[in-house]
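Numbering (the numbering used here), first residue to last: 3 to 597.
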């Protein structure tokens with residue numbers, strides 16, 4: 003073996019002299035012999051990135067078409083109100099998730115009060131309830147015939163709705179209230195991890211200097227947690243922009259709904275694509291702004307353990323108030339929807355035997371399993387290519403695959419449909435030239451298009467989890483395997499892959515669950531007479547028959563409890579917090595990346 007082969011970094015000595023980081027931090031010397039395969043890895047990455055970005059390219063192409071004069075109507079009657087409503091909704095949900103997430107995280111992290119241990123994991127439960135299900139159930143719960151208004155009439159002797167005022171949940175304010183109840187765990191999780199990671203000596207010094215409980219939170223703890231909170235708020239805002247089921251049902255006309263309406267009700271795919279590009283530009287701007295702000299905010303955490311820190315006990319009315327503050331979002335964001343679903347299921351047991359429910363369940367499982375397999379396999383290939391390559395371009399392209407998660411499902415659906423329809427038309431034209439007959443739509447009218455869209459959207463989730471699994475493997479493992487005579491491929495397949503089996507299963511499971519809950523893209527791309535659980539519930543709710551699909555909604559929530567359980571075991575229990583804190587100064591990065 004030559005010296006250059008023994009030391010794969012020697013050929014990069016001039017680059018190191020110029021200050022370049024060679025090799026990258028996660029490059030493994032044991033894989034140096036595989037540099038001959040790096041060309042194949044580069045081609046694989048380029049092909050995957052092109053396929054993932056193809057819907058966006060198709061969307062841009064579709065936007066150049068004729069919008070059939072729809073823009074004068076949009077500018078005059080649609081966009082002013084929808085843009086205003088969207089900004090109000092984003093501002094309200096941002097403030098709502100910030101307030102609920104940070105306050106509850108601070109209480110369960112720094113104080114001990116009745117049920118505080120239960121609240122530490124129960125505050126994640128609202129993540130199991132998709133936004134559209136919360137909207138459906140709260141409309142049923144707060145309706146004139148629901149239990150809330152029935153109790154009001156019984157207590158005060160009212161006989162009709164004209165005798166009293168009751169807030170209308172079908173409004174922008176109602177949408178802000180409901181979306182905040184579902185999405186606040188995105189802020190709660192990173193905020194709680196940050197509060198736990200903050201050295202208690204810093205807080206003790208603030209107390210000695212005269213800071214009371216409120217000043218301690220607002221002037222010391224919360225500013226230090228801003229990078230983590232910013233990431234959580236960004237995710238909540240992304241989910242708000244992606245939502246279509248809840249806002250439509252609540253009568254809130256956002257820009258996302260305007261895209262949906264322009265496409266389906268005004269029959270202008272080009273106009274919807276143009277509007278989608280504007281929405282996508284706003285999403286990119288939001289992402290870039292968040293990253294810029296987070297880059298400007300640096301905070302340093304002392305290398306000390308929080309072991310031995312004893313939360314401050316709250317008793318009397320303070321303990322009761324803290325308990326009620328933590329209980330309220332759990333009750334409103336999880337308990338009320340589940341109660342309404344169970345009550346509707348018991349009131350209409352015939353829905354349990356409907357063939358439509360069984361068909362929708364099987365379709366959901368098929369789409370979710372297909373998406374999970376595609377995402378895990380693709381993420382594994384991308385990560386191996388990233389580990390092989392010293393090229394910063396390839397590593398940058400690999401990071402581009404996470405962009406799909408930021409694209410709203412409605413926008414993604416238009417791009418996917420445009421790309422697949424163009425492909426099907428080309429294949430059909432070719433087949434006609436050969437046989438004289440048209441082949442028809444091959445992919446656009448199949449389940450494959452739904453799986454593709456969901457794979458583009460949730461690939462980042464699989465990639466983040468698998469990368470986190472690799473981060474816990476010591477580089478010496480691959481080096482020892484190579485020293486014992488295994489090739490690089492054998493090292494991956496025989497040594498690393500068996501160790502990462504649980505990580506791959508976890509990544510696939512999280513993708514599977516998120517696909518089961520996905521509504522926006524599935525609703526627009528599904529074949530005719532093809533329903534998943536999400537679209538089945540949506541269809542029944544659109545007909546004012548949500549109670550007939552309550553059991554299907556309950557199944558979605560029960561499946562959604564799986565990632566909640568995983569998050570509780572991994573993050574709230576703190577098994578991985580210490581290891582990641584040593585590697586990453588931003589605790590939110592790991593949470594968001596893995597989730």
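Glycine included, each C-beta is placed from N, C-alpha and C at the ideal position. Nothing here was measured: the structure is a model prediction, and the numbers come from that model.
Taken in chain order, the complete alpha helix (DSSP H) segments of 4 or more residues contained in the region 388-414 are 394-402. For the pair residue 553 and residue 359, the CB atoms are nearer than the 8 Å cut-off. DSSP, reduced to helix, strand and coil, places residue 113 within a strand of the structure shown. Its chain contains 134, 247, 521 and 525 as the residues whose beta carbon lies nearer than 7 Å to that of residue 540, once the 5 sequence neighbours on both sides are disregarded; these appear in chain order.
By the criterion of at least three beta-carbon pairs nearer than 8 Å, the region 458-476 is in contact with the region 498-508. Non-local C-beta neighbours of residue 355 in its own chain, meaning closer than 8 Å and more than five positions away in sequence, are absent. The beta carbons of residue 189 and residue 339 sit no closer together than 8 Å.
Judged by beta-carbon spacing, residue 277 lies within the 8 Å limit of residue 264, meaning their Cβ atoms are closer than that value.
Beta bridge pairing from DSSP links residue 314 with 113. Here the alpha carbons of residue 78 and residue 283 stand approximately 21 Å from one another. Three or more Cβ pairs closer than 8 Å define a contact, and the region 420-437 meets that threshold against the region 58-67.
Rounded to the nearest angstrom, the Cβ distance from residue 556 to residue 344 is 7 Å, consistent with a contact under 8 Å.
According to the DSSP assignment, residue 123 belongs to the alpha helix (DSSP H) that extends over 118-124. In the assembly as shown, residue 528 is a buried residue. Its beta-carbon has 16 or more other beta-carbons within 10 Å.
At a Cβ-Cβ threshold of 8 Å, residue 378 and residue 506 count as neighbours.
Its chain contains 366, 370 and 561 as the residues whose beta carbon lies nearer than 6 Å to that of residue 518, once the 5 sequence neighbours on both sides are disregarded; these appear in chain order. Around the beta-carbon of residue 530, fewer than 16 other beta-carbon atoms lie within 10 Å, marking it exposed.
From the listed residues 148, 273 and 317, the smallest Cα separation to residue 71 is found for 273.
In this structure, DSSP gives residue 439 a state outside helix and strand, which the three-state scheme calls coil. Annotation: residue 147 is outside any alpha helix (DSSP H) and is labelled neither H nor E by DSSP. The Cβ atoms of residue 107 and residue 197 lie closer than 8 Å to each other. When DSSP states are grouped into helix, strand and coil, residue 76 belongs to the helix group. Taking the Cβ atoms as the reference, residue 286 lies roughly 19 Å from residue 84, outside the contact range of under 8 Å. DSSP places residue 252 outside both helix and strand once states are collapsed to three, so it counts as coil. DSSP, reduced to helix, strand and coil, places residue 433 within a helical segment of the structure shown. According to the DSSP assignment, residue 481 belongs to the alpha helix (DSSP H) that extends over 477-485.
By the criterion of a C-beta distance shorter than 6 Å, residue 516 is surrounded in its chain by 460, once the five residues flanking it on both sides are discounted.
Ranked by Cα distance from residue 549, the options 116, 142 and 123 are led by 142. Relative to the Cα of residue 416, the nearest Cα in the group 362, 266 and 437 belongs to 266. Residue 290 counts as exposed, since fewer than 16 other beta carbons sit within 10 angstroms of its beta carbon. The alpha carbon of residue 174 has as its nearest neighbour, out of 271, 275, 67 and 93, the alpha carbon of 93. Between the region 387-395 and the region 431-447, the count of Cβ pairs shorter than 8 Å is below three; the stretches do not touch. Secondary structure note for residue 228: its alpha helix (DSSP H) is the uninterrupted segment 228-244. Out of 498, 255, 464 and 486, the CA that lies nearest to the CA of residue 512 is found in 464. Counting other Cβ atoms within 10 Å of its Cβ, residue 439 stays below 16 and is therefore classed as exposed.
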